[in-house]
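Peer 1: Before I ask anything, let me first share the structure, which is written out below as structure tokens.
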Ligand SMILES: Nc1ncnc2c1ncn2[C@@H]1O[C@H](COP(=O)(O)OP(=O)(O)OP(=O)(O)O)[C@@H](O)[C@H]1O
Ligand SMILES: [Mg+2]
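Protein chains in written order, with my numbering: chain A, 1 to 502; chain B, 1 to 341.
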């Protein structure tokens, strides 16, 4: 269905270079976006994709090189300049305002006013129309922060896609979406293309990129490596250029069937019985065995993310009991109590996990400070431990003193994981552990998780990406509408079967 | 795999400076003020005047130490002055007063009176901590209520009278001196030092910064956020109480409302010093600079014979300016760190 309307160059960048505190993040980048094309952008974590897009969207105003829009040189001083020029961006990290209502978020910066006063009625009606156009069924008055992450992402997409922008930049828009939501997004992209809008689509899901794009460009190490028509290349071509010569890396290979392990004979580390949180999940029982990775898969909103939160003491349980090593875990005491019981949790949102302005080593040591020194800090020991993890996880750039907020998205995720690797918990709950990671980093996570499993802890991986669960789990539970719908154990499983069960 | 260009070239000095705005602005202000007053008034830059300035900021300093803990957690304590006042009055209430002072009081031995005072301020702090962490009342409102409660306790205890006596130890620490150095300056210095050591070198101190930096992330890392915030509020009450007891000795009397200026002074000192109102950034070093800026300003304006009514306005403007810098520094910081992948 690729009827290309792509025509005139709409946006042309040449010789773009960008430094952060002296470190080169982009250099000599040329990039052309044509009218009416979907342009896929791929590259490893830290390749510079987000940085380039932030330059286009006016977020980074200081850079070298030239940008032309409609053939005329432009230089945006801030995001508003870019928006006024018809450029809209959905950032990799959600940038919705959690406290504001859905309606306010959808119309952020473009609230309808009557004689200078915001008209709430018109605002809600207009937001309703935009949300409907995108098939999102939420109350426009609800605060965005109260929605599940997937819906928040949809709200943000609705804001940008329907803002009337001519150039739409989507930085990993699908990582929090369920497959049906992704389909809706792609359908909308096709419609937008027909009306002559241009889209930049960044994703680590290479199949998706090849499917929706007209043109693809590969980035590596802050440089543009190569571009091609999407129908002229395949996934292997992309991966080869992403990782560079000399590497032989396989992409995700879960298109086919794989066989799961038999039911473990090891002791149960965590047993949850008849857990309920009204409206989210009902009567869920499960056991996690020592030395296994249990995957819990479900569409966005099926309750699996909430289940993980509840097991971590983040969501008060209405009924049920959780035991760790046979001891009742008193989860009412919140996360510290869960940690004491031996349960550690890595949530799906990095914003909720990292101290952006603190150096990497403090972000890693925070969970184990009491083991390093009861009263006094021992920064040297903290650094040493952190350095070890930075090495073994391949976190880039490799220093431990840089504020973690300056790392690329995928590298931030690794830092969040590193936190739990020093003094192992009994049970590790990982919510969407590979979101936003490139092929190589995903392999690293698989390696880390296998290592933890082999050390005898029970790992629970909760995700709405079939690939994530398939690549990590030894045993899989599928959740549907707040209940466990099916267990896969010791049998062949594939993406199709998972989707069918969900 | 994940590689990026990490050839660290020279960090441009401008970028580095901007990142340090929070710490540099107050220091530059301090130096500028000292230069200004030294140039315009011969009596300003003298050793005895330095001692004056230090003495004038000492009580504020003790209060500001506790407040620094609270503000670093991204909370606020508006009850500091009132808790100081109540504690000072409580100690006087527990001490034998001159027959001319017509207050029905409860005389105890000096050390017991001091213990009583400390217990009193800790009790007030515990109520604040309970309200904020257990009930979930925003600290801004909770401590506003505590401000009024403290005032109420003062009113009930002194009933409009003035008491003069405090235990002898307090008298020495509050108004005595060792050699040329007033004891109160020594106490303030020690309090600042202990505060600094706790914040920089202890696990608890790290937690304070982490809770202020990102509360949700702290919680996810298994930090007992409520306990940390509660402890900060208790520390603040304790510092305020200590300042209140010493203040009574310093002023030579205990009466209603005598600490009222200290609320604004202490908050100003912390904020002018550059500790972030949004939590997680700053520290005792900043507070010291802030205290000196305010102290030098107050004292210097007297030396250049500034209209004392205009002085009040000037202090307000300085606070406003500090707030602007504070928020601006935060915004720069947010932009600077907005990598977000
Ligand atoms: N605000 C910043 N300060 C310092 N360095 C930064 C900042 N933002 C990005 N960087 C660095 O620039 C490089 C490129 O980062 P960028 O976020 O563009 O990568 P990316 O291709 O989007 O990666 P990912 O797939 O992980 O999101 C990284 O090395 C990163 O550490
Ligand atoms: Mg990115």
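Note that the Cβ used here is the ideal one computed from N, Cα and C, for glycine as well.
Which residues in the same chain as residue 223 of chain B place their Cβ atom closer than 7 Å to its Cβ, once the five residues preceding and following it in sequence are excluded?
Peer 2: Correct list, in chain order: 207, 210, 211.
Peer 1: Could you say if the stretch 388-400 of chain A and the stretch 330-346 of chain A meet the contact criterion of at least three C-beta pairs nearer than 8 Å?
Peer 2: Contact between the stretch 388-400 of chain A and the stretch 330-346 of chain A is absent, because fewer than three Cβ pairs lie under 8 Å.
Peer 1: Alpha carbon to alpha carbon, how far is residue 165 of chain A from residue 84 of chain A? Give it in angstroms, no decimals.
Peer 2: Cα to Cα, residue 84 of chain A sits roughly 9 Å from residue 165 of chain A.
Peer 1: Suppose you measure from the CA of residue 65 of chain A to the CA of residue 74 of chain A; what does that come to, to the nearest Å?
Peer 2: Spanning the two alpha carbons is a distance of roughly 11 Å.
Peer 1: Which residues, taken in chain order from the stretch 192-208 of chain B, show a beta carbon closer than 9 Å to some beta carbon of chain D?
Peer 2: Absent here is chain D; the protein component of the structure consists of chains A and B.
Peer 1: Output needed in chain order: residues of the stretch 356-383 of chain A with a Cβ under 8 Å from some Cβ in chain B.
Peer 2: For the stretch 356-383 of chain A, which is checked against every Cβ of chain B, the residues closer than 8 Å are 356, 357, 358, 362, 366, 367, 369, 370, 373, 374, 375, 376, 377.
Peer 1: Taking beta-carbon pairs under 8 Å, can you tell me which members of the stretch 254-283 of chain B lie near chain A?
Peer 2: If the cut-off is 8 Å between Cβ atoms, the stretch 254-283 of chain B has 280, 281 near chain A.
Peer 1: Can you tell me where the alpha helix (DSSP H) with residue 150 of chain B in it begins and where it stops?
Peer 2: Residue 150 of chain B -> alpha helix (DSSP H) spans 139-158.
Peer 1: Quick check on DSSP: helix, strand or coil for residue 41 of chain B?
Peer 2: DSSP places residue 41 of chain B in coil when its eight states are reduced to three.
Peer 1: According to DSSP, is residue 281 of chain A part of a helix, a strand, or is it coil?
Peer 2: Note: residue 281 of chain A maps to strand in three-state DSSP.
Peer 1: Using a Cβ-based criterion (distance less than 7 Å to any ligand heavy atom), does residue 94 of chain A qualify as near ligand 1?
Peer 2: False, no ligand heavy atom lies under 7 Å from that Cβ.
Peer 1: Compute the distance between the beta-carbons of residue 26 of chain B and residue 293 of chain B, then report whether it is under 8 Å.
Peer 2: Their beta carbons are under 8 Å apart, which means residue 26 of chain B touches residue 293 of chain B by this criterion.
Peer 1: CB-CB under 7 Å to residue 298 of chain B, same chain, minus the five flanking residues each way: which ones, in chain order?
Peer 2: The answer, listed in chain order, is 56.
Peer 1: Within its chain, find whatever has a CB closer than 7 Å to the CB of residue 406 of chain A; leave out the 5 residues flanking it on each side and keep chain order.
Peer 2: The answer, listed in chain order, is 20.
Peer 1: Using a Cβ-Cβ distance under 8 Å, would residue 254 of chain A count as near chain B?
Peer 2: Confidence in residue 254 of chain A is poor, its pLDDT being 47 and thus under 50, which makes the residue's placement too unreliable to answer from.
Peer 1: If the cut is a Cβ gap below 8 Å, which residues of chain B does residue 354 of chain A touch?
Peer 2: Here the neighbours are 214, 217.
Peer 1: Using a C-beta to C-beta distance shorter than 9 Å, which residues of chain A count as neighbours of residue 248 of chain B?
Peer 2: Within 9 Å Cβ-Cβ: nothing; residue 248 of chain B doesn't reach chain A, min ~33 Å.
Peer 1: For residue 474 of chain A, count neighbouring Cβ atoms within 10 angstroms of its own Cβ and tell me buried if that reaches 16, exposed if not.
Peer 2: Burial call: buried.
Peer 1: Does any C-beta atom of chain A lie closer than 8 Å to the C-beta of residue 228 of chain B?
Peer 2: Answer no: the Cβ-Cβ gap between residue 228 of chain B and chain A never drops below 8 Å.
Peer 1: Going by DSSP in three states, residue 18 of chain A sits in which element: helix, strand or coil?
Peer 2: Residue 18 of chain A: strand per DSSP, three-state reduction.
Peer 1: Label residue 111 of chain B either buried or exposed according to how many other C-beta atoms from any shown protein chain fall within 10 Å of its C-beta, with 16 as the threshold for buried.
Peer 2: Classification for residue 111 of chain B: exposed.
Peer 1: Taking the straight line between their C-alpha atoms, what separation do you get for residue 285 of chain B and residue 480 of chain A?
Peer 2: Taking the straight line from one Cα to the other gives about 55 Å.
Peer 1: Closest to residue 229 of chain B by CA distance: which of B/73, B/148, B/312 is it?
Peer 2: The option with the nearest alpha carbon to residue 229 of chain B is B/73.
Peer 1: Given a cut-off of 8 Å on the beta-carbon distance, is the pair residue 144 of chain A and residue 155 of chain A in contact?
Peer 2: In this structure, residue 155 of chain A lies closer than 8 Å to residue 144 of chain A by Cβ.
Peer 1: Using a Cβ cut-off of 7 Å, which residues of the stretch 336-354 of chain A contact any Cβ in chain B, in chain order?
Peer 2: Against chain B - using a Cβ distance shorter than 7 Å - the residues of the stretch 336-354 of chain A are 336, 339, 345, 347, 352, 353, 354.
Peer 1: If you run the structure through DSSP and keep just helix, strand and coil, what is residue 494 of chain A?
Peer 2: Three-state result, residue 494 of chain A: coil.
Peer 1: In terms of residue numbering, what span does the alpha helix (DSSP H) encompassing residue 186 of chain A cover?
Peer 2: It spans 179-194 - the alpha helix (DSSP H) in which residue 186 of chain A sits, taken as one unbroken run.
Peer 1: So, at 8 Å on beta carbons, what are the nonlocal neighbours of residue 457 of chain A in its own chain, with the 5 sequence-adjacent residues on each side left out?
Peer 2: 269, 290, 291, 424, 425, 426, 427, 428, listed in sequence order.
Peer 1: Check this for me: beta carbons of residue 400 of chain A and residue 383 of chain A, under 8 Å apart or not?
Peer 2: Contact flag set, yes.
Peer 1: Where in the stretch 236-301 of chain B do unbroken runs of the beta strand (DSSP E), each at least 3 residues long, occur, reported from the N-terminal end onward?
Peer 2: List check, beta strand (DSSP E) in window: nothing returned.
Peer 1: Evaluate contact between the stretch 60-69 of chain B and the stretch 300-315 of chain B, counting only Cβ atoms and requiring at least three cross-stretch pairs below 8 Å.
Peer 2: Not touching, per the Cβ criterion.
Peer 1: Counting contacts by CB-CB distance shorter than 8 Å, is residue 246 of chain A in contact with chain B?
Peer 2: Below a pLDDT of 50, predicted positions are generally treated as unreliable, and residue 246 of chain A, at 46, falls in that range; the measurement from the model is reported next regardless. So no, residue 246 of chain A is outside the interface.
Peer 1: Run down chain A in chain order and give the residues with a C-beta less than 8 Å from the C-beta of residue 224 of chain B.
Peer 2: The answer, in chain order, is 336.
Peer 1: Can residue 255 of chain B and residue 158 of chain B be called in contact, C-beta distance under 8 Å?
Peer 2: Yes, they are a contact pair.
Peer 1: Of all Cβ atoms in chain B, is any one closer than 8 Å to the Cβ of residue 250 of chain A?
Peer 2: The predicted model places residue 250 of chain A with a pLDDT of 45, which falls under 50 and marks its position as unreliable, so this point remains unresolved.
Peer 1: Whose C-alpha, out of A/454, A/472, A/467, A/466, is nearest the C-alpha of residue 460 of chain A?
Peer 2: The candidate whose alpha carbon is nearest that of residue 460 of chain A is A/472.
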